[in-house]
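Worksheet for the structure shown next.
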Amino acid sequence: MSSATGSLTRPPREVAQLRLRGARGGIIPKHRSMIRLRWTPGRATRAALLALTGFAGVMAALPAVGRLWGGLFQVALPALGLGDQVGWHRIDVGSLFSIAIPHPVVAGPWPGTGHFIGVGGFAALLVVLSLLLPGRFLPMRYFLRFLAAIQTVSIGYFAFATPPFPYPLPGYMGGLLAAGMAVLALVPIALGLGFYIFDHTLWRQLLLTVLVLGHLVVLLPLQALSHTWLIHHASLLVQPPLFFVFGLLVEILVIVGFYGWAMSWEGTEIPRTQTLGAAR
Amino acid sequence: MIRDILAIGLWSVVAVLVTYTLRHYLFTLNRVFGRQRQPYVDIGVGDWPRVAVYVPCHNEEKVIGGMLDALLGNDYPADRFYVVPIDDRSTDGTRQIIEDYTARFPGRIRPFIRSEGKPGKAAALSDATREAEAEVLMVFDADYLPGPNLLRQLAAPFFDPEVGAVMGRVVPHNLNRTLLTRLLDLERSGGYQVDQQARMNLRLIPQYGGTVGGVRRSALRDVGHWNEDALAEDTDMTYRLILRGWQVVYQNRSECYEEVPETWPTRIRQIQRWTRGHNQCLRNYAFPLLGIPRHLRFAQVIDGVLLLGVFAVAPVLLLGWGLATALYFMGYEIRPGLIVLFAVASYSTLGNFAAFFEVATAVRLDGSRNRVRLLPFVALGFLVNLLAVSRATLSRRSWLAPAAAGPTWEKTERYRAGNDNAANHAAGHDTAGGPAGGGQPS
Numbered sequence: 001m002s003s004a005t006g007s008l009t010r011p012p013r014e015v016a017q018l019r020l021r022g023a024r025g026g027i028i029p030k031h032r033s034m035i036r037l038r039w040t041p042g043r044a045t046r047a048a049l050l051a052l053t054g055f056a057g058v059m060a061a062l063p064a065v066g067r068l069w070g071g072l073f074q075v076a077l078p079a080l081g082l083g084d085q086v087g088w089h090r091i092d093v094g095s096l097f098s099i100a101i102p103h104p105v106v107a108g109p110w111p112g113t114g115h116f117i118g119v120g121g122f123a124a125l126l127v128v129l130s131l132l133l134p135g136r137f138l139p140m141r142y143f144l145r146f147l148a149a150i151q152t153v154s155i156g157y158f159a160f161a162t163p164p165f166p167y168p169l170p171g172y173m174g175g176l177l178a179a180g181m182a183v184l185a186l187v188p189i190a191l192g193l194g195f196y197i198f199d200h201t202l203w204r205q206l207l208l209t210v211l212v213l214g215h216l217v218v219l220l221p222l223q224a225l226s227h228t229w230l231i232h233h234a235s236l237l238v239q240p241p242l243f244f245v246f247g248l249l250v251e252i253l254v255i256v257g258f259y260g261w262a263m264s265w266e267g268t269e270i271p272r273t274q275t276l277g278a279a280r
Numbered sequence: 281m282i283r284d285i286l287a288i289g290l291w292s293v294v295a296v297l298v299t300y301t302l303r304h305y306l307f308t309l310n311r312v313f314g315r316q317r318q319p320y321v322d323i324g325v326g327d328w329p330r331v332a333v334y335v336p337c338h339n340e341e342k343v344i345g346g347m348l349d350a351l352l353g354n355d356y357p358a359d360r361f362y363v364v365p366i367d368d369r370s371t372d373g374t375r376q377i378i379e380d381y382t383a384r385f386p387g388r389i390r391p392f393i394r395s396e397g398k399p400g401k402a403a404a405l406s407d408a409t410r411e412a413e414a415e416v417l418m419v420f421d422a423d424y425l426p427g428p429n430l431l432r433q434l435a436a437p438f439f440d441p442e443v444g445a446v447m448g449r450v451v452p453h454n455l456n457r458t459l460l461t462r463l464l465d466l467e468r469s470g471g472y473q474v475d476q477q478a479r480m481n482l483r484l485i486p487q488y489g490g491t492v493g494g495v496r497r498s499a500l501r502d503v504g505h506w507n508e509d510a511l512a513e514d515t516d517m518t519y520r521l522i523l524r525g526w527q528v529v530y531q532n533r534s535e536c537y538e539e540v541p542e543t544w545p546t547r548i549r550q551i552q553r554w555t556r557g558h559n560q561c562l563r564n565y566a567f568p569l570l571g572i573p574r575h576l577r578f579a580q581v582i583d584g585v586l587l588l589g590v591f592a593v594a595p596v597l598l599l600g601w602g603l604a605t606a607l608y609f610m611g612y613e614i615r616p617g618l619i620v621l622f623a624v625a626s627y628s629t630l631g632n633f634a635a636f637f638e639v640a641t642a643v644r645l646d647g648s649r650n651r652v653r654l655l656p657f658v659a660l661g662f663l664v665n666l667l668a669v670s671r672a673t674l675s676r677r678s679w680l681a682p683a684a685a686g687p688t689w690e691k692t693e694r695y696r697a698g699n700d701n702a703a704n705h706a707a708g709h710d711t712a713g714g715p716a717g718g719g720q721p722s
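The listed protein sequences correspond, in order, to chains G and R.
Per the working numbering, the very first residue in the first sequence carries number 1; after that it's consecutive.
Per the working numbering, the very first residue in the second sequence carries number 281; after that it's consecutive.
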């Protein structure tokens, strides 16, 4: 009796397999509404190991990344006419961990009349451009107006404020790059939660990690240099929009871009289905 | 002092956003790895209940013919269902098309014509369903294309006497038209494949969505019929059913095809309409729900409140941006340190990643590959939604008493090229059997 009950509640493996067998012996694929992945110890261990190893690996590599960025700044700053001073911001966790984060030491000038006219004109241009764009570019219109709004607030602030600005350019750069390093360390954790748990092969999981980290390691100092150059020439007026719109948000979108691409890669369990339309 | 107050405001906004972020992760991980609860999907044979299918129409000449064809081609026992197209003051050729079908399918098409009373879908449904004979009352919008098995799938859960309403999955069929339709396709995937199914899995509160679904007649009477003043009669019905102890069931397997907006202005109007209706429900049902009725679990209450507040999050986020900007210019700085640095970076990275994770997961589970590459563009849709929803939330109509606001027909523009099916009928061809696009993918 107990075995009969057992067979009702938990069909034998063969019965379960037969349920998926087609009339001609093929496997009937599951409908997409029912597809799921099994949370096996192997999958959990692999995802956790990859995430933690990745995190530890990035943390261990950060000092070298810092040196790489420092070297890049020493070459790029003079080439851009921004002097040759590189500052180092040190973060220590007791005696366990220490990292020096380089950043350009360049003055961000307080805005003068010319800056107000130039940047104000640019903000007005953004608004005009947003009005000229066709309706199908509505998100771009909103983005341009959002950018113009932040720029206008910044202009309003500097029109009435007196020096010093709470966030001098070298400090802003140090903060941006420190946050960028933290994002680098968090990439394996984010992928552990959102990518390693899926049915991709190990080499694809590693490939995405390397692609994202490699891209960010190159992007972050270039982003810092471009911000520095812009602020140095256009004054502190442009620092707030750069911070709010073109700061860490850029890194997030880069991660999402790569992630979207990687989620389109073939896996080992979830089948590709062809449904309505060819472009799914 | 002002800075401290603003900082408290900002941290409160962060707390709200973190709550919704955690919900994204919970739902997504549950959908991927949890036991998929689809208890009624295997029911293929039974003493099928009598079903009436209601199709509210207001100027739907482009699509109503296709809808009626698809319904008539359904494999539900023909003697067990009939279709009630509700024509509410259409000024185009809708009524003529309905009359044509009525003449051709006597008894199976039973039109309900309205020329007076309150306008709007809720009022039209209320009038038309009041004297319903059928046990199960299904509702479809006129632009939908149900597949041949859909009515059976949606009727099956009603064998369970505790089920008050059933909701199926909505899948766009015009996704290849514009960037917007592709983005809406991704958004719909996330909403149904992950959100709704996770709610079903976790026995929370799946939402009855007002189309591709049905309500039990006795449940409808128990909750006092459709609320004619509701701007979102579907959400309103969901909460009244839940508060009265009925179950709402989501059937992920039951797919139906819809036309999503192809232009941004149409999309904005649509989401603003949803916002006003949803916020009306927030006002009406948040407090009754927070009273924690005895038949509801605490998790259901939390989920119900979060679902009610989902459209109110947009202005909260905007407020957060405003506060962050103000504090920035006031020189507010969090005390620097490694932990704080990681906390802020985690919030930026993992917090922003959550919504993309949900959408990408849904699309992958759907078995699609190419379209998930559009993932970063979802941010564009998000920006438009944020502003449109905030504007609608802050508008008077979101918070006015219903009588003052007054429901109307706020229709979404239709894009299907003319009424080919109706034209075929006029020429004497029988197109019953459903359009080609109405079949369900496997």
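The C-beta atom is built at its ideal place from N, Cα and C for all residues, glycine as well.
- For Ser95 (chain G), which three-state DSSP category applies? Under the three-state reduction of DSSP output, Ser95 (chain G) falls in the coil class, being neither helix nor strand.
- Does the beta-carbon distance from Thr673 (chain R) to Thr555 (chain R) come in below 8 Å? Yes, the Cβ-Cβ distance between Thr673 (chain R) and Thr555 (chain R) is below 8 Å.
- Query: Just curious, the beta strand (DSSP E) that Asn532 (chain R) is in, first and last residue?
  - Reply: Going by DSSP, Asn532 (chain R) is part of the beta strand (DSSP E) stretching over Gln527 to Glu538.
- Note down, in chain order, each residue of its chain lying with its Cβ closer than 6 Å to the Cβ of Gly108 (chain G), except the 5 sequence neighbours on either side. For Gly108 (chain G), same chain residues with a beta-carbon under 6 Å away, outside a window of 5 residues either side, are Leu169, Ile231 and Leu236 in chain order.
- Query: Where DSSP assigns a beta bridge to Cys561 (chain R), which residues make up the other side?
  - Reply: Cys561 (chain R) pairs with nothing; no bridge assigned.
- Task: Would you list, in sequence order, the uninterrupted alpha helix (DSSP H) runs of no fewer than 4 residues that lie entirely inside the stretch 462 to 521 of chain R?
- Result: Within the stretch 462 to 521 of chain R, the runs of alpha helix (DSSP H) at least 4 residues long that lie entirely inside it are, in chain order, 477 to 481 and 497 to 502.
- Query: Leaving out five residues before and five after Val669 (chain R) in sequence, what residues of the same chain have Cβ atoms less than 8 Å from its Cβ?
  - Reply: Cβ neighbours of Val669 (chain R) beyond the five flanking positions: Ile551, Gln552, Thr555, Phe591, Ala594 and Pro595.
- Item | Neighbour list for Pro240 (chain G) in chain R, Cβ cutoff strictly below 8 Å | Thr605, Tyr608 and Phe609, listed in chain order.
- Item | Reduced DSSP category for Asp355 (chain R) - H, G, I as helix; E, B as strand; rest coil | Assignment of Asp355 (chain R) by DSSP, reduced to helix, strand and coil, places it in the coil class.
- Message: Could you tell me the alpha carbon to alpha carbon distance between Asp423 (chain R) and Gly346 (chain R), rounded to whole angstroms?
- Response: Asp423 (chain R) and Gly346 (chain R) have their C-alpha atoms roughly 8 Å apart.
- Message: For the structure I just gave you, are there three or more beta carbon pairs, one from the stretch 297 to 317 of chain R and one from the stretch 393 to 403 of chain R, closer than 8 Å?
- Response: With the cut-off at 8 Å, the stretch 297 to 317 of chain R and the stretch 393 to 403 of chain R do not touch.
- Cβ atoms of His338 (chain R) and Ala635 (chain R): under 8 Å apart, would you say? With respect to His338 (chain R), Ala635 (chain R) sits apart: the two C-beta atoms are not nearer than 8 Å.
- Message: At a CB distance below 9 Å, what residues from the stretch 640 to 654 of chain R approach chain G? Give them in sequence order.
- Response: So the close ones are Ala640, Thr641, Val643, Arg644, Leu645, Asp646, Gly647, Ser648, Arg649, Asn650, Arg651, Val652, Arg653 and Leu654.
- If Leu434 (chain R) and Gly493 (chain R) are in contact, beta carbons under 8 Å, what's the gap, nearest whole angstrom? So it is a contact: roughly 7 Å between Cβ atoms.
- Message: Just verifying my parser: in three-state terms, what is the DSSP assignment at Met181 (chain G)?
- Response: The three-state reading of DSSP puts Met181 (chain G) in helix, counting H, G and I together.
- Message: Short of 7 Å in beta carbon distance, which residues of its chain neighbour Ala408 (chain R), apart from the five on each side in sequence? Order them along the chain.
- Response: Result list for Ala408 (chain R): Tyr334, Val364, Ile366 and Phe392, in chain order.
- Rounded C-alpha distance that separates Ser722 (chain R) from Glu638 (chain R): At Ser722 (chain R), the pLDDT of 29 sits below 50, so the modelled position is not reliable and the matter cannot be decided from this model.
- Starting from Asn532 (chain R), find everything on chain G with Cβ-Cβ shorter than 7 Å and list it in chain order. Within 7 Å Cβ-Cβ: Ser33.
- Message: I'd like to check one pair, Met447 (chain R) with Val331 (chain R): are the Cβ atoms closer than 8 Å?
- Response: Taking 8 Å as the Cβ cut-off, Val331 (chain R) and Met447 (chain R) do not qualify as a contacting pair.
- Query: Can you tell me the Cα-Cα spacing of Tyr537 (chain R) and Phe420 (chain R), whole angstroms?
  - Reply: Approximately 11 Å between the Cα atoms of the pair.
- Query: To the nearest angstrom, how far is it from the Cα of Ala149 (chain G) to the Cα of Gly247 (chain G)?
  - Reply: Ala149 (chain G) and Gly247 (chain G): Cα-Cα distance of roughly 17 Å.
- Assigned secondary structure, Ile582 (chain R) (DSSP; H/G/I helix, E/B strand, else coil): Looking at Ile582 (chain R) - three-state DSSP - the assignment turns out to be helix.
- How about Ala190 (chain G): is its C-beta nearer than 8 Å to some C-beta of chain R? With 8 Å as the cut-off, Ala190 (chain G) counts as an interface residue toward chain R.
- Please report how far the alpha carbon of Ala640 (chain R) lies from the alpha carbon of Gly112 (chain G), in whole angstroms. Answer to the nearest angstrom: the Cα atoms are 47 Å apart.
- Item | C-beta atoms of Thr201 (chain G) and Thr268 (chain G) nearer than 8 Å | Yes, the pair counts as a contact, with Cβ atoms nearer than the cut-off.
- Message: Helix, strand or coil for Phe637 (chain R)? Go by DSSP, reduced to three states.
- Response: In the structure shown, the three-state DSSP call for Phe637 (chain R) is helix.
- Task: Quick one: grab the DSSP three-state call for Ala76 (chain G).
- Result: Here Ala76 (chain G) sits in helix by DSSP.
- Applying the criterion that 16 or more other CB atoms from any shown protein chain within 10 Å of the CB defines a buried residue, is Leu302 (chain R) buried or exposed? Within a 10 Å sphere around the beta-carbon of Leu302 (chain R) sit fewer than 16 other beta-carbons, which makes this residue exposed.
- Message: So if I threshold CB-CB distances at 7 Å, which residues from the stretch 613 to 630 of chain R count as touching chain G?
- Response: With the criterion set as a beta carbon lying under 7 Å from some beta carbon of chain G, the members of the stretch 613 to 630 of chain R are Leu618, Leu621, Phe622, Val624, Ala625, Ser626, Ser628, Thr629 and Leu630, in sequence order.
- Under the three-state reduction of DSSP, which class applies to Phe420 (chain R): helix, strand or coil? DSSP places Phe420 (chain R) in the coil class of the three-state scheme, outside both helix and strand.
- Segment contact flag, the stretch 122 to 139 of chain G with the stretch 435 to 442 of chain R, C-beta cutoff 8 Å, min 3 pairs: Too few Cβ pairs lie closer than 8 Å, so no.
- Which residue comes first and which comes last in the beta strand (DSSP E) that contains Ile323 (chain R)? Per DSSP, Ile323 (chain R) lies in no beta strand (DSSP E) segment and is marked neither H nor E.
- Distance, Cα to Cα, Leu586 (chain R) vs Ala295 (chain R)? In this structure, the straight-line span from the alpha carbon of Leu586 (chain R) to that of Ala295 (chain R) is close to 13 Å.
- Message: Give me the chain R residues within the contact set of Met263 (chain G), using Cβ-Cβ distance strictly less than 9 Å, ordered along the chain.
- Response: Listed along chain R, the residues sitting closer than 9 Å to Met263 (chain G) by beta-carbon distance are Ala640, Thr641, Val643, Arg644, Arg649, Val652, Arg653 and Leu655.
- Going along chain R in order, which residues have a C-beta closer than 7 Å to the C-beta of Pro166 (chain G)? Correct list: Gly611.
- Is it buried or exposed for Asp322 (chain R), if we count other Cβ within 10 angstroms and need 16 for buried? In summary, Asp322 (chain R) is exposed, with fewer than 16 beta-carbon neighbours lying within 10 Å of its beta-carbon over all protein chains present.
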